[in-house]
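Data first, discussion second: the structure below is written as structure tokens.
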Amino acid sequence: MSSSALHVYNTLSRKKELFEPIHAPHVGMYVCGPTVYGNAHLGHAKSYVSFDVIRRYLSYLDYKVRYVQNITDVGHLVGDGDEGEDKISKKARLEQVDPMEIAEIYTYTYFRDMDALSVQRPDISPRATGHIPEQIAMIQDLIDKGHAYLIDGNVYFDILSAPNYGRLSGRNVENATSGTRIKAASDKHNPADFALWKKADDKHLMKWPSPWGVGYPGWHIECSAMSIKYLGTHFDIHGGGIENQFPHHECEIAQAECSTGKSFAKYWLHNNMVTLDGQKMGKSLGNAISLEEFFNGSHPLLQRSWDPQVIRFFLLQSHYRSTTDFSEKALEAAEAGLQSLRSAIESILMYIPQKHHDHKNDINDKVLPNLKAAFESAMNDDFNTARAIATLFDKTKKIKKKIITGQPPSDLLALQKWLKIALTEILGLEPNVPNKSDCNFNDNLSKDLLHLLIDIRTKARMEREFELSDIIRDRLKDLDIDLEDSKEGTRYTLP
RNA sequence: GGCGACAUGGCCGAGUGGCUAGGCAGAGGUCUGCAAAACCUUGUACGGCGGUUCGAAUCCGCCUGUCGCCUCCA
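Sequential numbering from 3 applies to the first sequence in our numbering.
So, in structure tokens, the structure goes:
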């Protein structure tokens, strides 16, 4: 049993609230997905790893989660210029391919990189282009209900007609009108009104027929339409990056609630961002390091490559609502920390209890309840993975010591089972470094030759021929093969 | 300009009105032919100025600084 019930920070109320699903044990969760016009970067990883752990923890608590995450394959406007241009279309023009090819490529690389980070796939990954009819239907509904108006092939949402517009982001409509958008699209009733449907000109590559002419959907409608389609009009969790709070999520709420007449998502969760040299890491800012570049070390700002598990662990060591400042020094610390945590946990998992020990130590040395309570207490506090991980560090080292000194806890078997679940199923971390000894050899000959060298070196060491044994170790190190001597024999790690 | 966050020791990073966060790095030690690993010991902290309080890094106010949103963005 957990020591306290799950509380989540709800952006709507700006407080931590008790988490009470609308239809327990079912939990509906929608997270804003990527716009697939480029490789995913560290910022995406922060968001999707965060929500991945949230989803995993909810499952651990025995909720039946349906996790929906859109793929935005209709580009929206690019940053510069008043008119702007569809991001995916722009990239398509540059690369002389169909926009759908771009979307396809980066959808693939997105999932590839998320898989590497051990992010579980969404239950449903709806594509915006696959839900044009749903979006058109919602727009029509909004027009019918007087929340939207048609001007020259464009449909705009009338924000003054939405009673709670601004509630999520803490803005009022009067102030919203003083923004920079005034100069754009002068045909709007109110400068802050936003587009539901845009008329497409001849040059526009992605466009669809609609009751209002040929065009493409506005910037926010897909999430409202698709979340409602798969999760219902009122569902539990809506998540996304903090920069989407306004205008994206505000607009989503306005569209959805004005259309359905019901309250939209119950809990709004926002992750904070990754910074690089104190600046937000973003594709449009040109300072984003892609995940692929982390994994293979190819970015000029990186000294070396980084294991996806290290990236994941690094992200989980800070809270999802805090900014994560990136540096390779911090990654190095995460790598060393992960390694030592794994090794502590591994030595607990590997221990085979012996019966006479159990009889000797079965009085009051159960350690699982304590560990579990501390871990769950951290996770129940708005998914505080940093504290949960600190708990693991702290407790597993102590447990390991007890085992080494011949005093294994009496609930060792249950402890081992839970520890494995906590590490792999909740945090999504592998228990130990994958054994490269077998998988990294291209042929058995290399493996046999290495074993031969190690045998020769062992013999040399036995005969105190340390000069020779050190030469072997040094030369292998030049090949990025590291040898470590232990009581059980010589271990090696391959490059 | 409007709205909103954040400022913790060499680095990363939790947290709380009084009780060791944790990790990494550093220092010393044990072990080992030496490395490595492992283990033991160990220091440095809460941006500034006021206020509330028996007591604040933790609450309040002001200041300074950094960042985010207000334009697509995880």
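Ideal placement from N, C-alpha and C gives every residue a C-beta, glycine not left out.
Which residues DSSP lists as bridging residue i, in chain order
i, result
"residue 319", "Answer is none; residue 319 lacks a bridge partner."
"residue 28", "25, 66"
"residue 9", "20, 383"
"residue 43", "292"
"residue 239", "31, 269"
"residue 248", "For residue 248, which the question treats as bridged, DSSP gives no partner whatsoever."
"residue 410", "DSSP output for residue 410 lists no bridge partner at all."
"residue 485", "494"
"residue 276", "326"
"residue 218", "200"
"residue 397", "Looking at the DSSP assignment, residue 397 forms no beta bridge with any residue, so it has no partner."
"residue 37", "74"
"residue 281", "278"
"residue 210", "217"
Contact check, residue i vs residue j, beta carbons under 7 Å
i, j, result
"residue 241", "residue 53", "yes"
"residue 50", "residue 104", "no"
"residue 475", "residue 485", "yes"
"residue 30", "residue 72", "no"
"residue 67", "residue 61", "yes"
"residue 402", "residue 350", "yes"
"residue 45", "residue 276", "yes"
"residue 380", "residue 393", "yes"
"residue 65", "residue 125", "no"
"residue 18", "residue 413", "no"
"residue 574", "residue 222", "In this structure the chain extends from 3 to 497, so residue 574 is not present and cannot be described."
"residue 252", "residue 318", "no"
"residue 347", "residue 421", "yes"
"residue 20", "residue 9", "yes"
"residue 59", "residue 428", "yes"
"residue 1", "residue 310", "Beyond the ends of the chain as shown, which are 3 and 497, falls residue 1; an answer cannot be given."
"residue 266", "residue 259", "yes"
"residue 300", "residue 144", "no"
Alpha carbon of residue i to alpha carbon of residue j, nearest angstrom
i, j, result
"residue 273", "residue 336", "20 Å"
"residue 129", "residue 74", "6 Å"
"residue 167", "residue 431", "41 Å"
"residue 465", "residue 493", "20 Å"
"residue 151", "residue 26", "39 Å"
"residue 468", "residue 281", "52 Å"
"residue 131", "residue 76", "6 Å"
"residue 387", "residue 254", "29 Å"
"residue 287", "residue 278", "11 Å"
"residue 340", "residue 487", "22 Å"
"residue 463", "residue 345", "27 Å"
"residue 192", "residue 154", "16 Å"
"residue 90", "residue 136", "21 Å"
"residue 133", "residue 332", "42 Å"
"residue 368", "residue 328", "39 Å"
"residue 208", "residue 109", "17 Å"
"residue 121", "residue 461", "46 Å"
"residue 338", "residue 15", "39 Å"
"residue 470", "residue 451", "17 Å"
"residue 149", "residue 164", "7 Å"
"residue 343", "residue 405", "16 Å"
"residue 13", "residue 407", "49 Å"
"residue 496", "residue 92", "44 Å"
"residue 363", "residue 355", "Because residue 363 sits at a pLDDT of 48, beneath the cut-off of 50, its placement in the model cannot be relied upon, and the following sentence gives the value as read from the coordinates. Approximately 11 Å, taken between the alpha carbons."
"residue 5", "residue 24", "Per-residue confidence for residue 5 stands at a pLDDT of 48, beneath the threshold of 50, marking its modelled position as unreliable; the derived number appears in the next sentence. Approximately 22 Å, taken between the alpha carbons."
"residue 489", "residue 457", "15 Å"
"residue 315", "residue 96", "37 Å"
"residue 283", "residue 246", "15 Å"
"residue 423", "residue 417", "10 Å"
"residue 302", "residue 48", "21 Å"
"residue 206", "residue 88", "8 Å"
"residue 480", "residue 473", "11 Å"
"residue 107", "residue 100", "11 Å"
"residue 111", "residue 459", "44 Å"
Near the ligand GTP: residue i beta-carbon under 6 Å from a heavy atom
i, result
"residue 241", "Among the ligands in the structure shown, none appear at all, so the ligand GTP cannot be discussed."
Query - Segment contact flag, the region 151-161 with the region 193-205, C-beta cutoff 8 Å, min 3 pairs - result: With three or more CB-CB distances shorter than 8 Å, the region 151-161 counts as touching the region 193-205.
Report task. Determine, using beta-carbon pairs with one atom in the region 369-381 and one in the region 322-338, whether at least three such pairs fall under 8 Å. Result -> Cβ pair count under 8 Å is below three, so no.
Report task. Say whether the region 197-212 touches the region 227-236, bearing in mind that this needs 3 or more beta-carbon pairs closer than 8 Å, one atom from each stretch. Result -> Output reads no: the region 227-236 does not touch the region 197-212.
Requested in this report: Report yes or no: do the region 110-119 and the region 286-302 share at least 3 C-beta pairs separated by less than 8 Å?
Outcome: The region 110-119 vs the region 286-302: in contact.
Requested in this report: Note down, one range per segment and in chain order, each alpha helix (DSSP H) of at least 4 residues found wholly within the region 75-163.
Outcome: Those alpha helix (DSSP H) runs which fall completely within the region 75-163 and span 4+ residues are 89-97, 101-118, 134-146.
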